[in-house]
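J.:
Chains as they are written, first to last, in our numbering: chain L, 942 to 1055; chain R, 907 to 1016.
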């Protein structure tokens, strides 16, 4: 079955610690994205990558970092510089060969920092 | 700047029809998506409009007017499982990046 996996589903960390969220896809998609979702708000774009070894900042990149060393993987690191890291994080991918560029989402990771 | 507006919440009765409006002002336009998101889960694709008019898919239909910067999602014969948040998103560039609205929470009552 093709899809996007994110692990773990729930993650707890102490303030001041960096934490890395994993995102893996086997859809053979070139483009991948990271979003943050807070209660009552839509999805806000953190980082995106159109192709391996390339990525760009989204609307709220401060305090986050990413890497794209493999087509299948796009991990997100939430650093201690992120002021309000507690949120629901969603990873997505899309196929540039599709006319719609429809995004497929992973199940999400709920991060709680105390 | 980018602006995508949709109502915060709508309530409707099982079996009824609900229309969720979305207005947008974006720097470009290359298609509008509707996604459904149940609480704590991933958004799932519902519909895509790039040309003016109505797209129908079973109980769900989506309409687009590019000149008015307006779309709606119509949910017919509402079922309890339709209780979810519905997200409007606009592709404003030449490839996949989307701008999302805040979502409309639909509550279906018996």
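Note that beta-carbon positions come from the ideal geometry of N, C-alpha and C, so glycine has one too.
None of the values given here were measured: they were computed from a predicted structure.
If I follow the unbroken beta strand (DSSP E) through residue 908/L, where does it start and stop?
T.: For residue 908/L there is no data in the structure shown, the boundaries of chain L being 942 and 1055.
J.: Does any CB atom of chain R fall closer than 8 Å to the CB of residue 1009/L?
T.: Chain R, which has no Cβ nearer than 8 Å to the Cβ of residue 1009/L, makes this no.
J.: Check residue 1038/L in the structure and name its three-state DSSP category.
T.: Coil.
J.: In angstroms with no decimal places, state the Cα-to-Cα distance between residue 972/R and residue 981/L.
T.: Approximately 27 Å between the Cα atoms of the pair.
J.: Can you tell me the Cβ-Cβ gap for residue 925/R and residue 1004/R, rounded? I've got them flagged as a contact below 8 Å.
T.: Not really, about 22 Å apart at Cβ, beyond 8 Å.
J.: When the Cα atoms are used, what is the spatial distance from residue 1031/L to residue 1003/L?
T.: Going by the C-alpha atoms only, they are around 17 Å apart.
J.: Taking only beta-carbon atoms, is residue 930/R less than 8 Å away from chain L?
T.: Judged by the 8 Å Cβ criterion, residue 930/R is not in contact with chain L.
J.: Does the beta carbon of residue 982/L come closer than 8 Å to any beta carbon on chain R?
T.: It does; some Cβ of chain R falls within 8 Å.
J.: Hey, out of 1012/R, 1014/R and 996/R, whose CA is closest to residue 910/R's CA?
T.: Of 1012/R, 1014/R and 996/R, the residue nearest in Cα terms is 996/R.
J.: Using 8 Å as the threshold, is the region 1002 to 1022 of chain L in touch with the region 954 to 970 of chain L, meaning 3 or more CB pairs across them?
T.: The region 1002 to 1022 of chain L vs the region 954 to 970 of chain L: in contact.
J.: Between 960/R, 966/R and 955/R, which lies nearest to residue 985/R when the distance is taken from Cα to Cα?
T.: Of the listed residues, the one whose Cα sits closest to residue 985/R is 966/R.
J.: Using Cβ-Cβ distances below 8 Å, what residues of the region 1012 to 1033 of chain L are close to chain R?
T.: Listed by position along the chain: 1029 and 1031.
J.: Quick one: measure Cβ to Cβ for residue 1009/R and residue 943/R, integer angstroms, because I've assumed they're closer than 8 Å.
T.: With 8 Å as the limit, residue 1009/R and residue 943/R qualify as a contact, their Cβ atoms being about 7 Å apart.
J.: Identify, in the order they occur along the chain, each residue of the same chain with its Cβ nearer than 6 Å to the Cβ of residue 1046/L, setting aside the five sequence neighbours on each side.
T.: Same-chain partners within the cutoff: 1031 and 1033.
J.: Among 1001/L, 996/L and 995/L, which has the Cα closest to the Cα of residue 985/L?
T.: Checking every option, the nearest Cα to that of residue 985/L belongs to 1001/L.
J.: Is residue 983/R close to chain L? Criterion is C-beta to C-beta, closer than 8 Å.
T.: So no, residue 983/R is outside the interface.
J.: Tell me whether residue 974/R sits in a helix, a strand or coil according to DSSP, three-state version.
T.: Note: residue 974/R maps to coil in three-state DSSP.
J.: Among residues of its own chain, excluding the 5 on either side of residue 937/R, which ones have a beta-carbon nearer than 8 Å to its beta-carbon?
T.: Here the set comprises 954, 955, 956, 996 and 997.
J.: In the structure shown, what three-state DSSP assignment does residue 988/R receive?
T.: If DSSP states are grouped into helix, strand and coil, residue 988/R belongs with the helices.
J.: Can you tell me whether residue 1055/L is buried or exposed, with buried defined as 16 or more other CB within 10 angstroms of its CB?
T.: That one is exposed.
J.: What residues from chain L crowd round residue 962/R, counting only those whose CB sits closer than 8 Å?
T.: Those do not exist, as residue 962/R stays about 17 Å from chain L at its closest Cβ, beyond 8 Å.
J.: By how many angstroms is the C-alpha of residue 974/R removed from the C-alpha of residue 916/R?
T.: About 23 Å.
J.: Where does residue 957/R sit, in a helix, a strand or coil, going by DSSP?
T.: Three-state DSSP puts residue 957/R in coil, outside helix and strand.
J.: Grab the span of the beta strand (DSSP E) containing residue 998/L for me, first residue to last.
T.: Note, residue 998/L: beta strand (DSSP E), 995 to 998.
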